[in-house]
Every structure is written in structure tokens, then in C-alpha cells.
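Here is the structure we will look at.
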Amino acid sequence: MTKNITNGMRQSILFTKTRKEAPADEVSKNAEFLVRGGFVHKEMAGVYSYLPLGLRVLKKIENIIREEMDKAGGQEVLLSSFQPKENWEKTGRWESMDDLYKVSDSSGRVVALGPTHEEIIVPILKNYISSHKDFLAEKPLAIYQIQNKFRMELRAKSGMLRGREFIMKDMYSFHTSKEDFENFYEKMKDVYKTIFKRVGIGHLTYLTFASGGTFSKYSHEFQTISSAGEDTIYVDEASGNALNKEVLTDEVLGQLGLAKEKLVEQKAIEVGNIFDLKTKYSKPFDLSFTDAKGEKHVVLMGCYGIGLSRLMGTVVEVLSDDKGIIWPESIAPFAVHLLVLGEDEAVLKEADKIYESLQKSGVEVLFDDRLGMSPGEKFADSDLLGIPMRAVVSPRSIKEGGIEIKKRNEEKGKVVSLDELQKICLKKSIN
RNA sequence: CGGGCUGUAGUAUAUCGGUUGUACAAGUGCUUUGGGAGCAUUUAGGCUGGGUUCGACUCCCAGCAGCCCGACCA
Numbered sequence: 001m002t003k004n005i006t007n008g009m010r011q012s013i014l015f016t017k018t019r020k021e022a023p024a025d026e027v028s029k030n031a032e033f034l035v036r037g038g039f040v041h042k043e044m045a046g047v048y049s050y051l052p053l054g055l056r057v058l059k060k061i062e063n064i065i066r067e068e069m070d071k072a073g074g075q076e077v078l079l080s081s082f083q084p085k086e087n088w089e090k091t092g093r094w095e096s097m098d099d100l101y102k103v104s105d106s107s108g109r110v111v112a113l114g115p116t117h118e119e120i121i122v123p124i125l126k127n128y129i130s131s132h133k134d135f136l137a138e139k140p141l142a143i144y145q146i147q148n149k150f151r152m153e154l155r156a157k158s159g160m161l162r163g164r165e166f167i168m169k170d171m172y173s174f175h176t177s178k179e180d181f182e183n184f185y186e187k188m189k190d191v192y193k194t195i196f197k198r199v200g201i202g203h204l205t206y207l208t209f210a211s212g213g214t215f216s217k218y219s220h221e222f223q224t225i226s227s228a229g230e231d232t233i234y235v236d237e238a239s240g241n242a243l244n245k246e247v248l249t250d251e252v253l254g255q256l257g258l259a260k261e262k263l264v265e266q267k268a269i270e271v272g273n274i275f276d277l278k279t280k281y282s283k284p285f286d287l288s289f290t291d292a293k294g295e296k297h298v299v300l301m302g303c304y305g306i307g308l309s310r311l312m313g314t315v316v317e318v319l320s321d322d323k324g325i326i327w328p329e330s331i332a333p334f335a336v337h338l339l340v341l342g343e344d345e346a347v348l349k350e351a352d353k354i355y356e357s358l359q360k361s362g363v364e365v366l367f368d369d370r371l372g373m374s375p376g377e378k379f380a381d382s383d384l385l386g387i388p389m390r391a392v393v394s395p396r397s398i399k400e401g402g403i404e405i406k407k408r409n410e411e412k413g414k415v416v417s418l419d420e421l422q423k424i425c426l427k428k429s430i431n
């Protein structure tokens, strides 16, 4: 159960509906299921709006990431999306970054729509950081936010996996020494692993040695194995580590102590990436501090990204079957999908009672109380939406003594009483 | 940004150089209710702009949009 999310929703008043047909122009599985289920609405290539069900999933992912960032000592902010051109000229990226959205207003002023926020966070920190005393031994200086990012992708594709407007968590860390940076960087590797585990794709996600792109020579990516991925990585099953094809050289293999013949080639989706920025962004803005001896040093930086929208698409991509999505309990829009079949008064009343009492006991439940729908339609919708537990109330289930429950990833269900159902659900929400 | 394919109703599709047909969705009525029901009835469509033609949704050109491949890519 998540604090900022309501417990119950009646499907009869949910404004979105499922679609039987997949959008014709969309082949990626994540887009097909998310659009058909009414989780998101596509506005244009690589741009999606989040509808009630999709927003619930997004918030769950957001909360997991926020919890882990806070635990790691991060402080949350929300930086502006409009970014001054001058800042980008200072780092030399106004011209070099070809996917930068440059927008102008009627006064002729030109700004960038933030694709990332080094150019914003560093000048802000300059207002507050000047001494070694501004860095505390017991708490890292790490600032993060969760926000929409804009990138003029020449080719948006694969549904939520590569968008022009997307949601990202970006954290920036600041350090007075290489050692301090490295400690934090290593810690973040574990934090990231925890996050991917919690959202349900830990078993498919590998810490991957990769190129640092425009930031640094090398970086670490978190890659989730999926045929929908656009990256090719080489996995060493024994160590659980991997490296990206782009850095596959004998020299790198030697550094990592990996043997070429033991590596397995896989397609993967990059769900996270962490970088050693060194002084690349602190230097242009002269973000520096004075040490105890009165000497000035440039601050060292790291940055740590996770694409939330991409993560949502990735989960659908890797955890679904031909009928629909199979959400992990941790990020499912609801814990239970309660269906009532038929229109018998007594059965409807009983289902209503069950809905109310599940809600009261803190179980997140989507109640398919829609009338005039055949059982088949309700089952098909339920499979598509992918809520982990389905609970059916019908004349038959009542005759058999209660509610027929079935997990989304199981074939057969069983009949339980309301008490038992509540117990099962509550036990889960404690975990 | 190079290449390919596509653009018909809310969605998915069909046919046609001469009144765009169907399914689902939606509305109404009745029946039906454990794996996307049935009958009746109603509503709703040719991306935009040019050209060819007696006549264009159909052929041609341009634009725009979408998808796929590649390049690119925090």
C-alpha cells in the first residue's frame, strides 16, 4: 500500500476502457499492452500521457526509487525544465548536443528544454558550496529529482522505451576527493540493484560495463535482458556482470578479468546508467571549495540516472504473456482485481461488501462492477490489465463457499473466504 | 539524418477511376451471462495541399504524420 495512492477503484467509473484490438502501427509489446489496457495514451511518436492505471504504476515505481534515493542520503529537488542557453554555452553543449530541444518565445529569448540537468544543478550548488565544511563526512552531498525530460530523438521507437518526452530520476553527487566519490559510486551500484530487484526485474538485470558517452570514457549501465532491447551486451553468468558491445576489446576484457569465450551475447534494455563526471561540469562553472589549508579545488561529480517511463515499458516487455501484462506485486496498479459475474442481486451485494471490506483493511482493489458484460470479457480484461491477484465473486463461487482467487501467472485458482483473502493480501503488503 | 512501408468511422480492416463494405466500440430495445454473446435498429470515414481526369479515396507530385531497418544516443 502506498500513501499517496487511493485503495479502491470501481471499474464502472474508471474513465478509461480496454481495447480489444492492438493499435495497427505499433509492434512493440509494451506499447500494445499499455495502450490497449488504457494505462497510457500516445500523443505522438515517443510522447505519452499517463492515464489513471498507468499513473498508479508510475507512482509506485517513483516511490520505490524515492525511498532508495532517500535511504542512500539523497535530497530531492525539482529543477526547472526551461534552461538558459548561456549555461549550455558554458559547457559547450549548446552546439554539440544534437538532441537538444531549443525553444524560443515571442520576445526572441531562446532556452533549452531540459534533457538532463548538469547545467542547472551545478550553478545552483555554486550558490551554496564554497568550503570543505559544506561537505559533511556523515552525509553525502547528493541531489536528485524525478521529472520529465525532453530529447529530440531522431527516431523515437519501441513504445515507452525511447521517447522524446520521458520521465527520469537523475541524481548528481558532489565530492571533495576521488576516494569519497568512489565510495559513493560503489554504494550506488548496490542501490540500483536493489531498485531493479524491487520493481521485479532484478533477475534479468545486469551491471554492465559500458562507454561513458559524452561524459567519460567508461560508465556502468544496468541492462535488462530483453529481445526488445536496442543494446547488445555480453554476460558473464558466473560473476553476474556484463559488458556492452561498444567496449568489447581485449584491453577491457583484461581489465575486467573476463574471458571472452565465457561471455553470452544478449539483447538488453538500458534501464539505468551511472557516470563518473570528474570535473567535466564543475569546472566550466567553477564549482569549487577551499580546503582546510586554504587551497582551492574543483568539486568532483557523479551522476546517476533511471528512466522511469522506460522502466515501466521494460517491465511490461519482460513480464507479460500473450494475453497481457503480469505486473509484479510491487508496482501493480492494484493488488487485487475483484470481478463480479452475472447480475444476481444477492451476488452483487456480496461483491460490494467484499470490495468495501478489502478497501477498509488497506488492500488496493480494482472492482470490476460493470454490468452487462459477459464473464469472458471480464476475464480477458483482467488478464490484459495484469493485476497480480484475480478474485471472482459469482453465483458459482458463492455456492462453493466464497471467492475464487487466482494469481495472474497461475492457471488454476481456488475458493477462499473473505477472511482468508484479506489475510493473503495483508501478508503481502507487509512484505 | 539515410532507406523502406503505411495513411479509409473511435478502433481494426476490405473493395473500387463512377453512391466506400464489414467487424468491434458507441446509442436504443429485447434476449443472454464462467473465457472477448445473439437479434433488430441508429450514429460515424477517405491526413493536408496541388496536379491528371467529364469524374480521384483510388493515379501522379509535394507536405505532414506513424511504424520498421540503419546511423545517432546520458
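Mapping to this note's numbering: the first sequence position 20 is 20, numbers consecutive. Virtual Cβ for every residue (Gly too), placed ideally from N, Cα, C.
In terms of Cα proximity to Val340, the closest of Ile398, Ala31, Leu308, Leu385 is Ile398. Burial check for Gly257: the Cβ neighbour count within 10 Å stays below 16, so the residue is exposed. Here the alpha carbon of His337 sits roughly 42 Å from the alpha carbon of Ser219. Minimum Cα-Cα distance from Arg408 among the listed residues Ser216, Arg390, Lys90, Leu358 corresponds to Arg390. Residue pairing of Asn148 in beta bridges, as defined by DSSP: Ile167.
Counting of Cβ neighbours within 10 angstroms places Gln255 among the exposed residues, the total staying below 16. Beta-carbon to beta-carbon, Ile65 and Ile195 are separated by about 6 Å, close enough to satisfy the 8 Å threshold. A residue is called buried once 16 or more other Cβ atoms fall within 10 Å of its Cβ, and Asp276 is buried on that count. Leu287 is positioned such that its CB atom lies closer than 8 Å to that of Ile129. A residue is called buried once 16 or more other Cβ atoms fall within 10 Å of its Cβ, and His203, having fewer, is exposed. Remark: C-beta atoms of Thr91 and Tyr304 do not approach each other more closely than 8 Å. Secondary structure at Ala142: strand, using DSSP grouped into helix, strand and coil. For the pair Glu343 and Gly372, the Cα-to-Cα distance works out to about 8 Å. Around the C-beta of Ser382, 16 or more other C-beta atoms lie within 10 Å, and the residue is accordingly described as buried. In this structure the segment 168-182 touches the segment 143-156; the number of beta carbon pairs closer than 8 Å is three or more. Residue state for Val363 is assigned as coil, using DSSP reduced to three classes.
Approximately 12 Å separates the beta-carbon atoms of Ser309 and Ile269; this is outside 8 Å, ruling out the contact.
Note on the segment 366-426: whole alpha helix (DSSP H) runs with a minimum of 4 residues are 375-385, 395-399, in chain order. In this model, Gly163 and Gly313 are separated by some 11 Å (Cα to Cα). Taken in chain order, the complete alpha helix (DSSP H) segments of 4 or more residues contained in the segment 213-264 are 250-256.
Taking 8 Å as the cut-off, the beta carbon of Glu221 is found no closer than this to the beta carbon of Gly302. The residues Trp94, Val110, Val111, Ala112, in chain order, have a CB closer than 7 Å to that of Lys85 in the same chain once the five nearest residues on each side in sequence are set aside. Inter-residue distance for His117 and Ile403 is about 51 Å (C-alpha atoms, whole angstroms). For the 8 Å CB-CB criterion, Gly213 and Leu319 do not form a contact.
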